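What follows is a short report on a single structure.
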Amino acid sequence: MLNNTQIRYCLDEMGKLFPEAHCELNHSNPFELVVAVVLSAQCTDALVNKVTKNLFQKYKKPEDFIAVPLSELENDIRSIGLYRNKAKNIQKLSQIILEKYNGMVPNDRDLLTELPGVGRKTANVVVSVAYGVPAIAVDTHVERVSKRLGICRWKDSVLEVEKTLMRRIPEDEWSITHHRMIFFGRYHCKAQSPKCEVCPLLLLCREGKKRMKAAGKK
DNA sequence: AACTCGGGGCA
DNA sequence: TGCCCAGAGTT
């Protein structure tokens, strides 16, 4: 397992590789961010951004989303995977935000998690990106990178990964950390073809050393 | 813990 | 063609 100094080194190197790391989802306003993140589950972000942009040409506020039949909203996001669940969730979530929160997206993680289609990861993105609340959103990239490097254990749950990161990284770096790890995971430490041979973290990466050793034997 | 939803992108 | 993708809800 890596110590805190080694973790700091890893994050610095990720920052050098991807100095432009940022939230790629459209977040001009909190409500649009919620919709974008709900749509983003199991989809590529480029596609989500395209669809979200088109969506908000037509729909502006929560009341606009519940003013149309479900089938129409489904059709508007048809090019995104899991679109039936997502359309239903966006309508329900729009209604709750409108009725319970007077049209304003709550800035509380627990309240956000009560919304349909919003889990812990989505709630963390929303409070962190839209409201500047310190949080680490653990998605598949953050989880994979943390486990490969040895920041946490392989068997750890997503929540345990998040807790470990929060415990071992200074609070004022949480936000930039999850964006760095997402970029690093997506473009460098890829799920299927990690670039171990050109990785600055190879010498302290548990999985990287194992992979390079296995590749050398072949 | 495993299963399901799911069209588009990419090799 | 086959496989994967900024997850969440249900069983």
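Under the UniProt record's numbering, the first residue of the first sequence carries the number 1, and numbering increases by one thereafter.
Ideal Cβ positions, reconstructed from N, Cα and C, are used throughout, including at glycine.
As the structure is a prediction and not an experimental result, all values here were calculated from the model.
For residue 201 and residue 209, believed in contact at Cβ under 8 Å, the rounded distance: Not a contact, Cβ separation roughly 10 Å.
Tell me whether residue 154 sits in a helix, a strand or coil according to DSSP, three-state version. coil
Continuous alpha helix (DSSP H) assignments of at least 4 residues falling wholly in the UniProt domain "HhH-GPD" (39-187): 45-58, 62-65, 70-76, 83-100, 109-113, 120-125, 140-149, 158-168 and 174-183
With 16 as the cutoff for other CB atoms within 10 Å, does residue 143 come out buried or exposed? buried
Looking at C-alpha atoms only, which residue of 195, 181 and 213 is the closest neighbour of residue 19? 181
Would you please state the rounded distance, in angstroms, between the beta carbons of residue 138 and residue 99? I believe it to be under 8 Å. With 8 Å as the limit, residue 138 and residue 99 do not qualify as a contact, their Cβ atoms being about 31 Å apart.
Which residue from 132, 46 and 9 puts its Cα closest to that of residue 25? 46
Buried or exposed (CB count within 10 angstroms, at least 16 for buried), residue 150: buried
Taking the alpha helix (DSSP H) that residue 3 falls in, what are its first and last residues? Taken as a continuous stretch (DSSP letters only), residue 3 belongs to no alpha helix (DSSP H), as it is neither H nor E.
Beta-carbon proximity list for residue 27, same chain, < 8 Å, skipping 5 on both sides: 33, 36, 129 and 130
Could you tell me the distance, in whole angstroms, from the CA atom of residue 205 to the CA atom of residue 39? 33 Å
With DSSP as the reference, label residue 20 as helix, strand or coil. coil
Nearest-angstrom beta carbon gap, residue 65 and residue 90 [assumed within contact, 8 Å]: 6 Å
Where does residue 209 sit, in a helix, a strand or coil, going by DSSP? helix
Can you name, in chain order, every residue of its own chain whose Cβ lies under 7 Å from the Cβ of residue 96, other than the five neighbours on each side? 115
Do residue 80 and residue 43 have their C-beta atoms closer together than 8 Å? yes
How long is the line joining the alpha carbons of residue 216 and residue 30, rounded to whole angstroms? 49 Å
When you compare only the Cα positions, how much space is there between residue 63 and residue 104? 12 Å
Note down the Cα distance separating residue 165 from residue 198, rounded to an integer number of angstroms. 25 Å
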